[in-house]
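Written below as structure tokens is the structure these notes are about.
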Amino acid sequence: MLEKQIPKGSEEITVDVRSLHSGLYFVRLTVGNKSVTKKIIIQK
Numbered sequence: 020m021l022e023k024q025i026p027k028g029s030e031e032i033t034v035d036v037r038s039l040h041s042g043l044y045f046v047r048l049t050v051g052n053k054s055v056t057k058k059i060i061i062q063k
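Basically this note's numbering = 1-based index in the sequence shown + 19.
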């Protein structure tokens with residue numbers, strides 16, 4: 020879906036999910052050697 024470098028500081032990213040089916044998805048944010056994974060639910 021999205022993989023890019025983001026400059027230092029605050030950033031907001033909008034992702035177009037219209038092409039995704041309803042369901043459970045996982046979003047991972049990696050900064051340096053640290054990673055956080057969150058669940059999102061898309062309902063249509």
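Every residue, glycine too, gets a C-beta built ideally from N, C-alpha and C.
Answer yes or no: do K57 and V46 have a C-beta to C-beta separation smaller than 7 angstroms?
Result yes, Cβ atoms of K57 and V46 sit closer than 7 angstroms.
Can you tell me where the beta strand (DSSP E) holding L48 begins and where it ends?
G42 to V50 is the extent of the beta strand (DSSP E) around L48.
So who's on the other strand from K53, going by DSSP bridges?
Partner(s): V50.
Could you have a look at I25 and say whether DSSP puts it in helix, strand or coil?
Looking at I25 - three-state DSSP - the assignment turns out to be coil, as it is neither helix nor strand.
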